[in-house]
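Only one structure is covered here, and it is reproduced in the block below.
Protein chains: 2
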Amino acid sequence: MEKQVLGGLEWRINVPDGTSKEPVPECSYYLKPRLALKGFLVVGLMARVLNFLEKAWALGVSEPKKVIHGMKVGIALSLVSLFYYMRPLYDGVGGNAMWAVMTVVVVFEYNVGATLCKSLNRVTGTFLAGSLGIGVHWVASQSGEKLEPIILGISVFILASAATFSRFMPSVKARFDYGAMIFILTFSLVSVSGYRVDKLFGMAHQRLSTIAIGTSLCIIISMFVSPIWAGDELHQIIHRNMEKLAESLEGCVGTYFKDNQSGHPSEGDSSKKTQAYKCVLNSKATEESMANFAMWEPPHGPFNFRHPWKEYLKIGAVLRSCACCIDALSGCLDSEKQATEHLKVHLRDASMAVCSHSCIVLRELSMSVKTTTNSSKLHSSVGEMNFALQELQNALKSLPTQLILQQPFPDESSENKSNNEKECAPPVLGLIPLATLVSLLTEIAARIEETVDGVVKLAELAEFKASNEEKRAQNQSTSNNQSSDHPSCDTEPRRPFQRPEFISTSHLRDRYFSGFCKLVSVEERERHSFFS
Amino acid sequence: MEKQVLGGLEWRINVPDGTSKEPVPECSYYLKPRLALKGFLVVGLMARVLNFLEKAWALGVSEPKKVIHGMKVGIALSLVSLFYYMRPLYDGVGGNAMWAVMTVVVVFEYNVGATLCKSLNRVTGTFLAGSLGIGVHWVASQSGEKLEPIILGISVFILASAATFSRFMPSVKARFDYGAMIFILTFSLVSVSGYRVDKLFGMAHQRLSTIAIGTSLCIIISMFVSPIWAGDELHQIIHRNMEKLAESLEGCVGTYFKDNQSGHPSEGDSSKKTQAYKCVLNSKATEESMANFAMWEPPHGPFNFRHPWKEYLKIGAVLRSCACCIDALSGCLDSEKQATEHLKVHLRDASMAVCSHSCIVLRELSMSVKTTTNSSKLHSSVGEMNFALQELQNALKSLPTQLILQQPFPDESSENKSNNEKECAPPVLGLIPLATLVSLLTEIAARIEETVDGVVKLAELAEFKASNEEKRAQNQSTSNNQSSDHPSCDTEPRRPFQRPEFISTSHLRDRYFSGFCKLVSVEERERHSFFS
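In order, the protein sequence lines correspond to chains X and W. Numbered according to my numbering, the first sequence spans residues 1 to 532. Numbered according to my numbering, the second sequence spans residues 533 to 1064.
The following block contains the structure:
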């Protein structure tokens, strides 16, 4: 019994083995290699499908909004399909009903702005091209059988060429690209159609109404079922990019100075943080399209009707230039790790201070944009950043003596030398990586100040909320504004590095003066710059 | 007589003046402000239209390819329209004929790759969704009147949601985005249609054939009437970007060193050149879409069927990182113009040499990519660039004595001091901008070497033509290959800065060794780096 079972098992095991080298006499056995190949292909395909599904699942988990968008499209499409399927007047796919389905498929985009943009483009393009097409059709039909195809052909050629070319114009491309395409489509269809003009009017009416149904369904669902606003996306990109820059800057400078103290820190995490600026470098295309779509959107959340979306683009450009500097910095620091050790120690605290104050300013900006609130600490943070820069300058000024002492009197630094052979390098060469670091940190700070200017302008145009401190200060100033009208007008610009803990002027005046302070402080920094 | 004329003139001048403050008693005069407003609006509109036309004209003159594309679309559309218009079987816009027109409008893109991609997506999507739709339609129609709309609605919902979500997957988005949209559209139209299944088959056949006619017309015209290849565009972007980087680098460093010699040079021209790198920073999106489209294109010009388009993306990324460094450099140099003058003079020649040799390498790379030819001078140019870097290092090494001499013995440099007050700055501070320059030039050179690696790999994969020198060398080596098999194997890697005027090994071996040389030379550069 057992043997029989074993034999059976053996037999069963042998049968599916297509790789046996024994001669295969029976006919059906010839198919085995093919079956194996088939099995292999099926398994390969299955693996690829599984891989794809895994990736899809990961994407869905990380960005559930995209899953919701898919479901929204599904709902809109089933609604419009079934609506037309169950209409008694329905006359098959060839009829006008299909335009509603087509409109939903083509017009429903990820964010509200894009959906609105495409909807309006579609309706306008169809209407304009339809009217023009009916006109041309009428003219052609009046001018005799011989001339008719010539007039039609030439008009289609001219308008299609012109409209296609116009799609390359930046102003058209940004807003009316889809409208131009729909214009070409509708004009060709209408002008060349074999219908009489009076029938065309009825058809145009039907077509426009089905398109209107489709677009309004899309607009309603995209605006009221968990809406995704292009403006929100742009807003998030900008303040997240600020945080990413802060992360990268911290990671980059931190790694450089930590490296020689405690060996390599937890590399995976820190290198991931340091690389965060790379996203910022590549965000231009997304930012521009989001800004274009955001202009079509109605007021929502903290954004009014004429929210200054173009300011976001300017801020984005400055952030990218900042990211460029961080890229250069990380490249230079990676390849030049062996700065003279005592110089590094000497400048370490001052450099780290500049870095951390720059990061504080970036995070302050990010928070200000995120909450659309004027930051009360922003100007003091900028002052502290500039102060830290001056401290770094002072640290550099105190360097030469050490530098000169080290080389001509080898006795003094003999201990260092015996510890570390790196110190043998000529002092100037050892200084270079640190000089680069200082220079690039200064440049990064300057670009962060440009970002501050951009955010201040955005706050002004978008009317950001007043911060708690500002509100308190406003109350104070209204209670005693007869005693001193603008108490810090003449003094503050002269002391750009002082910390203004409480800003006592009113909201707008504060902005004006702080802008002035900043201008003066930049000028002063340039005048006092350690390169003069 | 004269008075009368004058009066007449006065009267005429007064009439169109809508801003007069006199009381206006007559009825027709009430219309004047309105007419003036209308006239103003018309003039404003005319001005805008004229402005638009001017811009369009400028675009057409600068890029005639775009005008030609417009005309190609016009030709395709008139052809397909008239073909259907004149067919005796034609049954109006509602029929299947319109699908051919629509296909031409939607599928005809600027370059061949995009047109092919959309055409294949459209045909495949329609076919797949049509088959699936007919299947679902049949199942639904078999399951009774009550269940039918439910099955249809659910199937449309699930498939539309899944297909919409799949469009967010990077792998689908890059290649099958349009196909997924057409899939949703066709599936909804077919599955929900009120036709019987046997009629659907006939319709599907007709639909597919009209789409095939439209797509083949598009493909033929776009491929044979002055074709615009995505591959060509990508190729041009890459080698032009190399030239732009060379221009910017030259402009940037040149301006810095020229500035104090002969005042400001012709600023408009040089600043335009210096800004050229900004185009490079923003080219990522274009490069990626061109690479995606180029993969669909058949062999054309110097590009074979499996041309390594992805290598171009890698080279593009390195070029962008190079542009980042140039951006940081230009920022640093702009804000730090006052380096100590004699230091600047000391390092000027060496820095200019590194800059010009870097530019030579970039131009050599550009020419090599442009002509798809292996450059014979590339490796010697890289060697010269490295040599120039070492010279710069030597110039720096000879600095400390001067630097130290200047400060403690003021007598020696008293002449300089009296000439220029800038010299009063502590020597270390005066050194910083130059240190930054040297550091960033080194980083730029390192990134240019990465570009060289990328181009060498591209040349290997794309089988670039042999240069004249290589051909000559190949002939030589085949004539005397028994005397010495690989003469430079052991010696060359040790002398990376020597100029290999003629490369005597065979084509592939040369590449292998040069790669090895480069690896060693990079290592050596790092080992001998002046930061060690």
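Ideal Cβ placement from N, Cα and C applies to all residues, glycine included. Everything numeric in this text was worked out from a predicted model, so none of it was measured.
Could you tell me whether the Cβ atoms of residue i and residue j are closer together than 7 Å?
i	j	result
I228 (chain X)	K72 (chain X)	no
A276 (chain X)	K244 (chain X)	yes
L721 (chain W)	V104 (chain X)	no
Y178 (chain X)	K118 (chain X)	yes
W296 (chain X)	G125 (chain X)	no
T164 (chain X)	G662 (chain W)	no
D685 (chain W)	L82 (chain X)	According to the sequence as given, residue 685 (chain W) is Gly; it is not Asp. In contact: G685 (chain W) and L82 (chain X) (Cβ atoms closer than 7 Å).
G60 (chain X)	V49 (chain X)	no
I237 (chain X)	S193 (chain X)	no
V382 (chain X)	V280 (chain X)	no
V345 (chain X)	L392 (chain X)	no
H357 (chain X)	A388 (chain X)	yes
G74 (chain X)	A692 (chain W)	yes
V80 (chain X)	L217 (chain X)	yes
R486 (chain W)	S853 (chain W)	Examination of residue 486 (chain W) is not possible in this model, given that chain W is present from 533 through 1064 alone.
V987 (chain W)	L897 (chain W)	yes
V318 (chain X)	E450 (chain X)	yes
L434 (chain X)	L343 (chain X)	yes
A285 (chain X)	A817 (chain W)	yes
Does DSSP put residue i in a helix, in a strand, or in coil?
i	result
T103 (chain X)	helix
H832 (chain W)	strand
T373 (chain X)	strand
Along chain W, which residues have their Cβ under 9 Å away from the Cβ of residue i?
i	result
K344 (chain X)	Those do not exist, as K344 (chain X) stays about 11 Å from chain W at its closest Cβ, beyond 9 Å.
Beta-carbon of residue i versus every beta-carbon of chain W: anything under 7 Å?
i	result
V164 (chain X)	Here residue 164 (chain X) turns out to be Thr, not Val, going by the sequence shown. Chain W contact via Cβ: present.
G135 (chain X)	no
L132 (chain X)	no
P265 (chain X)	Low per-residue confidence applies at P265 (chain X): pLDDT is 46, beneath 50, and the placement is therefore not dependable enough to give any value.
G251 (chain X)	no
Y85 (chain X)	yes
V101 (chain X)	yes
G153 (chain X)	yes
C325 (chain X)	yes
Could you list which residues in chain X have their beta carbon closer than 7 Å to that of residue i, in chain order?
i	result
A692 (chain W)	V73, G74 and L77
I769 (chain W)	Those do not exist, as I769 (chain W) stays about 15 Å from chain X at its closest Cβ, beyond 7 Å.
Tell me, please, whether the CB atom of residue i is closer than 7 Å to any CB atom in chain X?
i	result
T968 (chain W)	yes
M917 (chain W)	no
L585 (chain W)	no
L921 (chain W)	no
G711 (chain W)	no
F996 (chain W)	no
V724 (chain W)	yes
S613 (chain W)	yes
Y809 (chain W)	no
F689 (chain W)	yes
G986 (chain W)	no
Using a C-beta to C-beta distance shorter than 8 Å, which residues of chain X count as neighbours of residue i?
i	result
I529 (chain W)	No answer is possible for residue 529 (chain W): the residues shown for chain W start at 533 and end at 1064.
S594 (chain W)	Ordered by position in chain X, no residue passes the 8 Å Cβ test against S594 (chain W), which lies about 11 Å from the chain.
What does residue i touch in chain W if you count any residue whose Cβ is under 7 Å from its own?
i	result
N282 (chain X)	K816
K66 (chain X)	F697 and F700
M98 (chain X)	L721
Y312 (chain X)	Those do not exist, as Y312 (chain X) stays about 17 Å from chain W at its closest Cβ, beyond 7 Å.
L59 (chain X)	F700 and M701
Got a sec: is the Cβ-Cβ distance from residue i to anything in chain B below 7 Å?
i	result
P681 (chain W)	Absent from the structure: chain B. Protein chains present are X and W.
I want to verify the contact list: residues of chain W whose CB lies under 8 Å from the CB of residue i, in sequence order.
i	result
E443 (chain X)	A860, G863, C864 and S867
Who are the neighbours of residue i on chain X, taking C-beta pairs under 9 Å?
i	result
G602 (chain W)	A160, S161, A162, A163, T164, F165, S166, R167 and F168
> Which runs of the beta strand (DSSP E) fall wholly inside the segment 744-822 of chain W and span at least 3 residues, in chain order?
Replying inline: Correct list: empty.
>> Quick check for students: name the residue ranges of the alpha helix (DSSP H) that lie wholly in the segment 665-735 of chain W, counting only runs of 4 or more.
In response: Annotation: the segment 665-735 of chain W contains the following complete segments of the alpha helix (DSSP H) (minimum length 4 residues), in chain order: 676-698, 702-707 and 709-724.
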